[in-house]
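Down below is the structure, laid out as structure tokens.
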Amino acid sequence: MYSLHTNTAAIGAQRMLRSNEVDLSRAQSQTSSGLRISTSADNAAYWSIATTIKSDNKALHAVQDGLGFGAAVIDTAEIGFSEVIDVMGIIKQKLVAAREPGVDRDKVNAELTELRAQVRSIAEASSFAGENWLHMTQAGQGGPQEVIASLTRSLDIGAAVRTIDYDMTSVPDTEQVFYIVDDVTGDNGIVTNSAFADSLGLTTDWVLFNGQNSSGYTEIEISNDTADSDIEEMISVVDAMTQKMIGRAATLGALQQRIDLQKEFNHDIGQAMERGVGKLVDADMNAVSARLRALQSQQELGQSSLSIANEQPQNILRLYS
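Numbering (this note's numbering), first residue to last: 5 to 325.
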């Protein structure tokens with residue numbers, strides 16, 4: 005039965021066109037953005053997960069910057085230790101040479117003076133962005149040092165920053181010290197601390213040189229009047245200091261290696277997070293392109309159907325004309 009009041013064919017065609025318009029709009033959006041899920045309305049659960057991961061990944065980039073800064077500080081300190089160790093080797097060599105009979109020890113001491121100054125110069129210059137792990141210039145400068153290492157997320161505490169720690173808490177006037185030069189009290193520096201002489205059982209508190217605010221120890225310097233036994237003690241103290249520096253440099257090297265590994269790990273994790281987000285929200289462009297063409301064809305057919313349906317009342321009217 006055909007009704008003049010209700011064009012069921014046109015209504016059906018319009019319904020199909022409206023549905024097609026929604027699907028076509030979604031397909032066009034996916035084509036232009038490349039995303040299957042771009043808003044929470046598309047899929048609230050996946051959108052929430054993807055947005056959280058994207059946020060964490062941005063924070064991970066900041067972590068990588070922090071690791072880079074920490075690596076630079078440690079690298080600077082490691083280079084400084086290596087340079088000072090080389091100078092300490094030369095100092096020991098000069099003292100051994102001074103032990104030989106007939107050597108002009110005053111001339112050797114002139115060299116030792118310059119070498120001691122070089123140790124201080126290296127320690128003072130081993131600074132990166134104000135961070136210096138070789139030269140103590142103010143009280144409380146030591147203590148635990150932290151390098152931002154990673155960003156973790158768990159159900160109970162959410163996002164949390166993890167660090168790589170290096171405890172530089174010195175025990176004054178002992179061999180448990182981390183700085184090369186301490187210009188505060190002298191007792192927190194390797195070359196300004198008498199603990200190395202004390203550990204060898206020596207009666208003289210030998211130091212390579214005193215800190216700027218300390219003068220109570222005997223500096224390693226020689227003259228033609230210096231006894232052979234004193235030079236031998238100086239050699240032993242310089243060697244003990246050097247061994248401590250070698251140990252500290254080795255620790256920094258291991259720390260540097262760990263940071264390099266962590267940076268590589270963070271890079272891989274960041275890429276994995278990006279791939280994971282892509283699997284959640286990225287559109288399959290081949291499928292979207294094929295669907296877009298199909299929907300465009302359906303739209304054309306729907307418009308033709310609506311046009312045919314709208315012509316039917318005219319055909320009925322012609323029967324009465």
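All C-beta atoms, glycine included, are put in the ideal place defined by N, C-alpha and C.
- In summary, residue 237 is buried, with 16 or more beta-carbon neighbours lying within 10 Å of its beta-carbon over all protein chains present.
- A straight-line Cα-Cα distance of about 10 Å links residue 213 and residue 194.
- Counting only residues of its own chain and dropping the five nearest sequence neighbours on each side, residue 204 has a CB closer than 6 Å to the CB of 240.
- Secondary structure note for residue 100: its alpha helix (DSSP H) is the uninterrupted segment 48–103.
- For residue 126, the closest C-alpha among the options 153, 156, 157, 82 is that of 82.
- Contact annotation, residue 215 with residue 188: C-beta distance approximately 7 Å; criterion of less than 8 Å satisfied.
- Burial state of residue 12 is exposed, judged by a 10 Å Cβ sphere holding fewer than 16 other Cβ atoms.
- Per the coordinates, the alpha-carbon of residue 296 lies some 17 Å from the alpha-carbon of residue 46.
- Looking from the CA of residue 279, the closest CA among 58, 44, 35, 23 belongs to 58.
- Around the beta-carbon of residue 232, fewer than 16 other beta-carbon atoms lie within 10 Å, marking it exposed.
- For residue 53 against residue 284, the beta-carbon gap comes to about 6 Å, under 8 Å, which counts as contact.
- CA-to-CA, the gap between residue 68 and residue 33 works out to about 34 Å.
- Taking C-alpha positions only, residue 138 is separated from residue 261 by approximately 19 Å.
- In the three-state scheme derived from DSSP, where H, G and I count as helix and E and B as strand, residue 43 is classed as coil.
- Taking 9 Å as the cut-off, the beta carbon of residue 172 is found closer than this to the beta carbon of residue 147.
- When the Cα atoms are used, residue 202 and residue 209 turn out to be separated by approximately 7 Å.
- Residue 132 and residue 80 have their C-alpha atoms some 7 Å from each other.
- Restricted to the segment 233–318, not a single beta strand (DSSP E) segment is unbroken, complete and at least 3 residues in length.
- Burial state of residue 175 is exposed, judged by a 10 Å Cβ sphere holding fewer than 16 other Cβ atoms.
- According to DSSP, residue 210 shares a beta bridge with 222.
- Here residue 109 is buried. Its C-beta has 16 or more other C-beta atoms within 10 Å.
- For residue 156, the enclosing beta strand (DSSP E) covers residues 147–158.
- Beyond the five residues adjoining it in sequence on each side, residue 50 comes within less than 8 Å, by CB distance, of 41, 284, 285 in the same chain, given in chain order.
- Inter-residue distance for residue 18 and residue 270 is about 54 Å (C-alpha atoms, whole angstroms).
- CA-to-CA, the gap between residue 293 and residue 287 works out to about 10 Å.
- Around the beta-carbon of residue 191, 16 or more other beta-carbon atoms lie within 10 Å, marking it buried.
- Spatial neighbours of residue 150 in its own chain (CB-CB distance under 6 Å, excluding positions within 5 residues in sequence) are listed in chain order as 167, 169.
- Rounded to whole angstroms, residue 225 and residue 113 show a C-alpha spacing of 6 Å.
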